[in-house]
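*Asks:* Residue numbers (the numbering used here): 47 to 263. By construction, the Cβ of each residue, glycine as well, lies at the ideal position given by its N, Cα and C atoms. Quantities reported herein were computed from a predicted structural model and do not represent experimental measurements.
(1) In or out: residue 191 buried (at least 16 other Cβ within 10 Å) or exposed?
(2) From which residue to which residue does the alpha helix (DSSP H) around residue 188 run?
(3) When you compare only the Cα positions, how much space is there between residue 220 and residue 211?
(4) Assess, as a yes-or-no matter, whether the segment 197 to 211 is touched by the segment 125 to 145 under the definition of 3 or more beta carbon pairs within less than 8 Å.
(5) Within this structure, are the beta carbons of residue 81 and residue 73 separated by less than 7 Å?
(6) Considering only their Cβ atoms, is the gap separating residue 149 from residue 117 smaller than 7 Å?
(7) Quick check: the Cα distance between residue 205 and residue 83, rounded to an integer number of angstroms?
(8) In chain order, what residues of the same chain have a beta carbon less than 6 Å from the beta carbon of residue 135, not counting five sequence neighbours either side?
(9) In this structure, does DSSP put residue 48 in helix, strand or coil?
(10) Measuring alpha carbon to alpha carbon, tell me which of 153, 75, 122, 129 ends up nearest residue 112.
(11) Distance, Cα to Cα, residue 208 vs residue 94?
(12) Could you tell me which of 51, 180, 64, 48 sits nearest to residue 188, measuring between CA atoms?
(13) Cβ of residue 124 within 7 Å of Cβ of residue 51?
Next up, the structure:
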């Protein structure tokens, strides 16, 4: 099962920047795909939606380093399915968040390697075949990197969740609140993109009141 998930993680890694950017690697889509593959699309959609709140403000544009969401979503769903229950969902989200940061670091290393490769080509004799081969190698490297990150994180995350799930100390309500608060903090970063606190404080306060009222209904 980890092999198929690794392949899925590698394909989603390509969608991040190397090939297409069709948004399949966004957590909402990637999580649902992973859940469908593992036989629980509902859980995949739930985890994907929560992770989307964490990463909705991040856009992989240009050479900026952002957390890798595709492989992270696969890992989060796989760990949650493996552990089961609400504790499994929380541990899956933690595994996904950690994987996204490690994936982002691996992308930076890959870019340096690819940059060195093309630097050597520019320093020597440049031919169309060399440039094409280097480009295809870069795409393959991105796939392999995403697959390795996904496979390693699934194996380690599933093992750790199996150890920790029975020792999860928080009750149901606290676990749900912790997950939602964490997602809400990241979602609040969008406020800056819409003009900041000064211009949108009324909308923010109305949303805050509506959220509090809705929580008690």
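*Replies:* Looking at the atomic coordinates:
(1) Position 145 of the chain shown, counted from the start, is the residue given in the question as residue 191. By the 10 Å Cβ count, residue 191 comes out buried.
(2) Translated into the one-based positions of the chain shown, residue 188 becomes position 142. Annotation for residue 188: the continuous alpha helix (DSSP H) segment containing it runs 174 to 210.
(3) In the chain shown, the residue the question calls residue 220 occupies position 174. In the chain shown, the residue the question calls residue 211 occupies position 165. Using only the alpha carbons, I get a separation of about 15 Å.
(4) Yes: the two stretches touch, three or more of their Cβ pairs being nearer than 8 Å.
(5) Locating residue 81 in the chain shown gives position 35, counting from the first residue. Locating residue 73 in the chain shown gives position 27, counting from the first residue. Between residue 81 and residue 73, the C-beta gap is not smaller than 7 Å, which leaves the two residues out of contact.
(6) Locating residue 117 in the chain shown gives position 71, where the first residue counts as 1. Locating residue 149 in the chain shown gives position 103, where the first residue counts as 1. It is a contact, given that the beta carbons lie within the stated cut-off.
(7) On the chain shown, position 159 is the one that residue 205 refers to. On the chain shown, position 37 is the one that residue 83 refers to. Cα to Cα, the separation comes out at about 20 Å.
(8) The count along the chain shown starts at 1 and reaches residue 135 at position 89. Excluding the 5 residues flanking it on each side, residue 135 has same chain C-beta neighbours closer than 6 Å at 126, in chain order.
(9) Within the chain shown, numbered from 1, the residue matching residue 48 stands at position 2. Here residue 48 sits in helix by DSSP.
(10) One-based indexing of the chain shown puts residue 112 at position 66. If you compare the alpha carbons of 153, 75, 122, 129 with that of residue 112, the shortest gap goes to 153.
(11) Your numbering for residue 208 matches position 162 in the chain shown. Your numbering for residue 94 matches position 48 in the chain shown. One C-alpha to the other measures close to 21 Å.
(12) As a working note, residue 188 is residue 142 in the chain shown. Relative to the Cα of residue 188, the nearest Cα in the group 51, 180, 64, 48 belongs to 64.
(13) Translated into the one-based positions of the chain shown, residue 124 becomes position 78. Translated into the one-based positions of the chain shown, residue 51 becomes position 5. Taking 7 Å as the Cβ cut-off, residue 124 and residue 51 qualify as a contacting pair.
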